[in-house]
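Structure first, commentary second.
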Amino acid sequence: MKLTTTLTASSLILSACLLSACGDSSSTADAEGGSDSASASTSASGGMILTTDLPEERLEGTPIPNKVPNLVQPPTEAPKITVPEGSTLLSAGKPVTASDDFTIVGDIAYITDGDKQAGEGYYVEVIDGLQWVQIDLEATHNIDAVWVWHFHSQRRAYHDVIIQISDDESFESGVTTIYNNDYDNSAEMGQGKDAPYIESRFGLLVDAKGQAGRYVRLYSNGSTANEMNHYTEVEVFGRPVE
Ligand SMILES: [Ca+2]
Ligand SMILES: [Ca+2]
């Protein structure tokens, strides 16, 4: 009797799987070029390849000229870096502040709300000029990576993209710069060696190399499209300090 019951239950599960395509959740999204794998796989070196959900491609409007020297064109696949085992998304829902309280479109909280889609309703527009936004991880962590989407519904390049980590909320001491593409030092924070790049759904992935800090600050100074600063999402990955 017990055997019969078990077999019946198994048959039901099998039938349900056949109807709903159990265990094959990725095929539909992949076919549409939408959300890629969110899991992290183990690499041969013992670390893991960092991956995240990528937003769909959605370009709008008329293409603009992007006259910036040494401009990096958008990648054709997700950028890849290896991070230590146990590295997780730290920034989800964390508080964000900015150099200027005045946002023209959207809300500063969009930056850590997990939505990365292109278009209206998903980006925050911060006032023009050299401005920063800052994420508070609420505790010091070893930061492995910062993944940034400014605005990806148009091929444009943001100026003076500088990303820093510190335990000092005011960034007056103990500041480590992990990315700087201000090639002409117009932001007067030191000439950057990173190359300016065109926005895409793949975002900008920066290896933070385990730098310890509680706060992540991101600068920009308008783009090749206009003088405003935009953010759709910023993801910070890392581990608690051991
Ligand atoms: Ca968002
Ligand atoms: Ca510059």
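Residues -31 to -1, 1 to 211 in mature numbering (1 follows the signal peptide of the UniProt record, and there is no 0) are what the sequence shown spells out, letter by letter.
Backbone N, C-alpha and C fix where the C-beta goes; we use that ideal spot for every residue, glycine too.
The structure displayed is predicted, hence computed values, not measured ones.
Distance check for residue j and residue i, CA to CA, integer angstroms please.
i	j	result
Ala181	Thr20	21 angstroms
Cys(-10)	Asp69	In this prediction, Cys(-10) scores a pLDDT of 41, lower than 50, which makes its location untrustworthy; the coordinate-derived value is nonetheless stated afterwards. Rounded to the nearest angstrom, the two C-alpha atoms are 48 angstroms apart.
Tyr79	Ile18	26 angstroms
Gly2	Ser169	Confidence at Gly2 is low in this model, with a pLDDT of 40, below 50, so the placement of that residue should be treated as unreliable; the coordinate-derived value is given next. Their Cα atoms are separated by approximately 13 angstroms.
Asn39	Gln100	23 angstroms
Glu157	Val41	23 angstroms
Lys36	Thr193	7 angstroms
Asp82	Tyr152	31 angstroms
Gly172	Ser189	15 angstroms
Gly161	Gly15	32 angstroms
Asp97	Gly191	6 angstroms
Asn195	His119	13 angstroms
residue 213	Thr31	Residue 213 lies beyond the residue range present for the chain, which begins at -31 and ends at 211; the question has no answer from this structure.
Leu58	Asp22	12 angstroms
Ser135	Glu26	33 angstroms
Gly159	Glu89	34 angstroms
Asp129	Asp84	24 angstroms
Phe140	Glu46	34 angstroms
Asn111	Pro165	26 angstroms
Hey, quick one: how far does the beta strand (DSSP E) through residue i stretch, first residue to last?
i	result
Asn150	Counting along the chain, Asn150 falls outside any beta strand (DSSP E), and DSSP gives it neither H nor E.
Gly207	Glu202 to Pro209
Tyr184	Leu173 to Ser189
Ile134	Ile131 to Ser135
Asp84	Counting along the chain, Asp84 falls outside any beta strand (DSSP E), and DSSP gives it neither H nor E.
Glu94	Val93 to Val95
Glu107	Gln100 to Trp118
Ala67	Val65 to Ala67
Ile77	From DSSP, Ile77 is part of no beta strand (DSSP E); its letter is neither H nor E.
Can you check whether the CB of residue j is closer than 8 angstroms to the CB of residue i?
i	j	result
Val175	Ser60	no
Asn154	Asp163	no
Gln123	Pro24	no
Val210	Ile104	no
Arg183	Gly55	no
Val144	Gln133	yes
Asn177	Ile147	This sequence places Ala at residue 177; Asn is not what is there. Cβ distance < 8 angstroms, so Ala177 and Ile147 count as in contact.
Thr201	Tyr91	yes
Val74	Asn198	no
Val185	Val115	yes
Leu106	Lys63	yes
With hydrogens ignored, establish whether the beta-carbon of residue i is closer than 7 angstroms to any heavy atom of ligand 2.
i	result
Ala126	no
Ser155	yes
Tyr152	yes
Asp129	yes
If residue i sits next to residue j, beta carbons under 8 angstroms apart, how far is it from one beta carbon to the other, in whole angstroms?
i	j	result
Asp76	Val102	Not quite, the Cβ-Cβ distance comes to about 12 angstroms (not below 8 angstroms), so this is no contact.
Pro43	Ile131	Not quite, the Cβ-Cβ distance comes to about 21 angstroms (not below 8 angstroms), so this is no contact.
Val52	Asp137	Going by Cβ atoms, the distance from Val52 to Asp137 rounds to 24 angstroms, so no, they are not a contact pair.
Ile33	Arg125	6 angstroms
Taking 7 angstroms as the cut-off, is the beta-carbon of residue i closer than that to any non-hydrogen atom of ligand 1?
i	result
Thr201	yes
Asp84	yes
Ile80	yes
Tyr91	yes
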